[in-house]
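Peer 1: Sequential numbering of the sequence shown, starting at 9, is according to my numbering.
Note that the Cβ used here is the ideal one computed from N, Cα and C, for glycine as well.
All values reported here derive from a predicted model rather than from experimental measurement.
Sharing a structure with you now.
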Amino acid sequence: MIEFNSTNDFELSNPEELLQWLTSVIEAEQKQMGEINYIFCDDAYLHKLNVEYLNHDTLTDVISFDYTSGDVISGDIYISVERVEDNAADFKTSFKDELSRVMVHGLLHYCGYKDKSEDEAKEMRAKENLYLSVR
9 MIEFNSTNDF ELSNPEELLQ WLTSVIEAEQ KQMGEINYIF CDDAYLHKLN VEYLNHDTLT
69 DVISFDYTSG DVISGDIYIS VERVEDNAAD FKTSFKDELS RVMVHGLLHY CGYKDKSEDE
129 AKEMRAKENL YLSVR
């Protein structure tokens with residue numbers, strides 16, 4: 009089950025469409041859906057999590073807490089709406105497209121993809137682009 013939550017007044021304009029798309033990504037990756045929570049927040053909220061849990065004193069757009077067991081993917085994906093807005097402007101893309109990229113990025117971590125090395129990041133970006141092309 010995928011749930012969308014918010015710590016602020018942010019609301020998705022198309023939750024059913026996103027739910028179907030994210031479910032199709034899970035199926036394409038040959039995984040099973042567990043409990044996945046998307047939590048939309050602001051920079052301050054996500055920065056606090058980044059410092060507290062990851063010891064990173066930086067702003068970020070997404071943090072994924074992975075509770076996956078075997079092929080059943082589960083976890084909490086925190087997304088800073090402010091960071092997504094700024095990144096969309098910086099990358100000259102729409103908010104919708106940047107939000108979708110961040111959402112699928114978190115999900116792909118649960119499917120086993122990493123992005124620490126250059127090669128891993130390249131593979132992650134290719135997967136993001138693949139799934140964004142069918143959104």
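1. Report the CB separation of residue 82 from residue 68 in whole angstroms; it is logged as a contact under 8 angstroms.
2. May I have the straight-line CA-CA distance separating residue 135 from residue 116, to the nearest angstrom?
3. Let me know the beta strand (DSSP E) ranges lying completely inside the segment 37–100, each 3 residues or longer, listed in chain order.
4. Do you know offhand how far residue 60's Cα is from residue 85's?
5. Exposed or buried, which one is residue 78 when buried takes at least 16 other CB atoms within 10 Å?
6. Looking at C-alpha atoms only, which residue of 132, 28 and 95 is the closest neighbour of residue 142?
Peer 2: Looking at the atomic coordinates:
1. For the purposes of this step, residue 82 is identified with residue 74 of the sequence shown, where counting begins at 1. For the purposes of this step, residue 68 is identified with residue 60 of the sequence shown, where counting begins at 1. Wrong, their Cβ atoms sit about 21 angstroms apart, outside the cutoff.
2. By one-based count along the sequence shown, residue 135 stands at place 127. By one-based count along the sequence shown, residue 116 stands at place 108. Roughly 8 angstroms between the two C-alpha positions.
3. 40–49, 70–74 and 80–88
4. Locating residue 60 in the sequence shown gives position 52, where the first residue counts as 1. Locating residue 85 in the sequence shown gives position 77, where the first residue counts as 1. Distance between the alpha carbons of residue 60 and residue 85 is about 16 angstroms.
5. As a first step, residue 78 is located in the sequence shown; it is residue number 70 there, counting from the start. So residue 78 counts as exposed.
6. Against the sequence shown, residue 142 aligns to sequence position 134. Among 132, 28 and 95, the Cα nearest to that of residue 142 belongs to 28.
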